[in-house]
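The structure appears below as structure tokens.
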Amino acid sequence: MIIFLKNKDTLIVGDFKFKCTVGKKGLSTKKKEGDKKTPKGLFSLGNLYYRADRVEIPFTRLTKKIIKKDMGWCDDINFPRFYNKLIKVNKKIKHEKLFRKDTKYDMMILIKYNSIKPKIPNGSCIFLHLTNDLKPTAGCIAIKKSDFLILIKLINPKTKILIN
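Structure follows, in structure tokens:
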């Protein structure tokens, strides 16, 4: 199964169409760290991360990981060993905090962009996550919670996402 991004504002999964939002500066084949662009391409999906204190996860065939307070995703170009990887929060390493006050990461799926042998500074922390208002993201793809709950029932570990 493939999730298709159409016209920067619609995700198509089988017979379902979900409103979505992408990076503030659109799509790019030349993604760079911090450019607020969503990378173009065909990507695998990673685990489903979620806040067990906020949401109850319904059935999904994805591997589920509970987000803990000390979890972050490294976006620090000065730490190549950890770049674009899940890390334990460390004040010395710049990172995207996964345990947030807002609800964006109450449920999220890693989009495996620049994840196998990550190249600095080609971008990190590209997720499919939640949004309440469909405002542009920093480079991720975001959908409403009700749609996310449907989407995770439809996809499986072999599902890919086509962003073009």
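Count along the sequence shown from 1, then add 1; that gives the number in the numbering used here. We put the beta carbon where it would ideally sit given N, CA and C, even for glycine. Predicted model, so just to flag it, every value in this text is computed and none were measured.
Let's see if you can read the secondary structure: which residues bound the beta strand (DSSP E) around residue i?
i      : result
Lys161 : Lys161 to Ile164
Phe149 : No beta strand (DSSP E) contains Phe149, which is instead part of the alpha helix (DSSP H) from Lys146 to Leu155.
Cys21  : Phe17 to Thr22
Thr11  : Thr11 to Val14
Going by DSSP, what residues sit across from residue i in a beta bridge?
i     : result
Cys75 : His96
Ser45 : Lys161
Lys89 : Met72
Where do the ends of the alpha helix (DSSP H) carrying residue i lie?
i    : result
Leu6 : Careful: Leu6 lies outside any alpha helix (DSSP H), inside the beta strand (DSSP E) at Ile3 to Lys7.
Under 8 Å by Cβ, that's how I've got residue i and residue j pegged, so tell me the actual separation to the nearest angstrom.
i     : j      : result
Lys70 : Phe44  : Contact doesn't hold; Cβ gap of about 28 Å is too wide.
Lys62 : Pro158 : In the sequence as displayed, the identity of residue 62 is Arg instead of Lys. Indeed they touch by this definition, with Cβ atoms about 6 Å apart.
Met2  : Thr104 : Contact doesn't hold; Cβ gap of about 27 Å is too wide.
Measure from the alpha carbon of residue i to the alpha carbon of each residue in the options, then state which is nearest.
i      : options                  : result
Lys136 : Lys66, Phe17 and Lys9    : Lys9
Cys75  : Asp134, Lys66 and Val90  : Val90
Ala139 : Asp148, Pro40 and Thr104 : Pro40
His96  : Lys38, Asp77 and Thr104  : Asp77
Ile151 : Val14, Ile117 and Lys38  : Val14
If you pair each beta-carbon of the stretch 79-90 with each one of the stretch 18-31, do three or more pairs fall below 8 Å?
no
Please determine if the stretch 26-33 and the stretch 51-60 are in contact, where contact requires at least 3 C-beta pairs separated by less than 8 Å.
no
Just checking, does the stretch 101-109 make contact with the stretch 125-133 on the three C-beta pairs under 8 Å criterion?
yes
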